[in-house]
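In UniProt numbering, the protein residues as written are 1 to 183.
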């Protein structure tokens with residue numbers, strides 16, 4: 001139990017240092033709906049047909065929230081609507097890909113990865129994290145990048161499958177999950 005308290009304290013401390021806390025995207029309604037910016041049919045087909053015993057790894061940045069809920073929980077719940085086994089593991093981009101992330105990426109039960117990058121604050125560090133996560137799969141797992149940015153279009157960061165959202169409002173994140181699963 002002491003180890004978990006230490007880890008929680010460490011994560012909390014790192015969250016206070018991350019620049020995402022200082023400049024979160026507004027959660028006001030957007031006129032732009034989530035959409036698929038870059039599409040790899042093979043990756044989406046693989047994600048949509050994951051064996052029920054396997055899980056999807058959701059890697060989302062640790063972002064300070066004004067509520068008691070992780071801001072990316074609606075994305076996880078939206079994915080869970082389509083596939084019941086989700087592992088949501090936050091990341092602090094300034095800490096990079098940790099052994100915990102590497103463990104989950106290497107676990108044989110991991111069948112797909114969804115990585116979130118938020119287009120405010122430390123985008124380069126987040127993109128680097130996403131790239132290292134992708135490299136950590138040795139391109140053996142389907143991966144979807146969920147890019148959250150207020151501007152039009154947006155970068156694909158070189159990823160094969162990218163879903164773009166204008167904000168991380170719960171409705172946008174649930175819709176992004178539906179796009180991944182084709183509904």
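Backbone N, C-alpha and C define an ideal beta-carbon position, used for all residues, glycine too.
As the structure is a computational prediction, the values presented were derived from the model and not from experiment.
| Item | Value |
| --- | --- |
| Beta carbon proximity, residue 47 to chain C, threshold 8 Å | The question asks about chain C, but that chain is absent: this structure has only one protein chain. |
| Straight-line Cα distance separating residue 36 from residue 26 | Legend: pLDDT at residue 26 = 36, less than 50; position of this residue unreliable, no value from coordinates given. |
| Pair within 8 Å by beta-carbon distance, residue 104 and residue 131 | no |
| Residue 115 Cβ short of 7 Å to the ligand HEM heavy atom set | Ligands displayed in this structure: none; no statement on the ligand HEM is therefore possible. |
| Residue 37 - DSSP class collapsed to helix/strand/coil | strand |
| Nearest residue (CA-CA) to residue 171, options 123, 41, 139, 78 | 78 |
| Helix, strand or coil at residue 50 [DSSP, three-state] | coil |
| Through-space distance from residue 99 to residue 136, alpha-carbon basis | 11 Å |
| C-beta contact flag for residue 145 and residue 34 at 8 Å | no |
| Whole-Å CB distance - residue 113 paired with residue 133, under 8 Å assumed | 6 Å |
| Status (buried if at least 16 other CB within 10 Å, exposed otherwise) for residue 96 | exposed |
| 6 Å CB neighbourhood of residue 109 in its chain, flanking five on each side removed | 54, 55 |
| CB of residue 174 within 8 Å of CB of residue 74, strictly | yes |
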